[in-house]
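In our numbering, the protein residues as written are 31 to 95.
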């Protein structure tokens, strides 16, 4: 059986390791978001332009009918 002080030390060590791993994951997520965000905003801009063109085309078609 573990002594209470040994158990506390193990728990602190475990918490420290988990905190370290969480920091690594957070950094990796931030890097992925930074890499993908530009492509996302480019796609959104293209989508907005396409929607404007489509709206204009629909209005032209309605006018021709």
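From the three backbone atoms N, C-alpha and C, an ideal C-beta is built for every residue, glycine too. Quantities reported herein were computed from a predicted structural model and do not represent experimental measurements.
Inset, instruction - Go ahead and pull the three-state DSSP assignment for residue 74. - result: helix
Inset, instruction - Could you check what DSSP says for residue 81 in three-state terms: helix, strand or coil? - result: helix
Inset, instruction - Take residue 56 and list the residues in its own chain whose beta-carbon comes closer than 8 Å to its own, dropping the five residues that flank it on each side. - result: none
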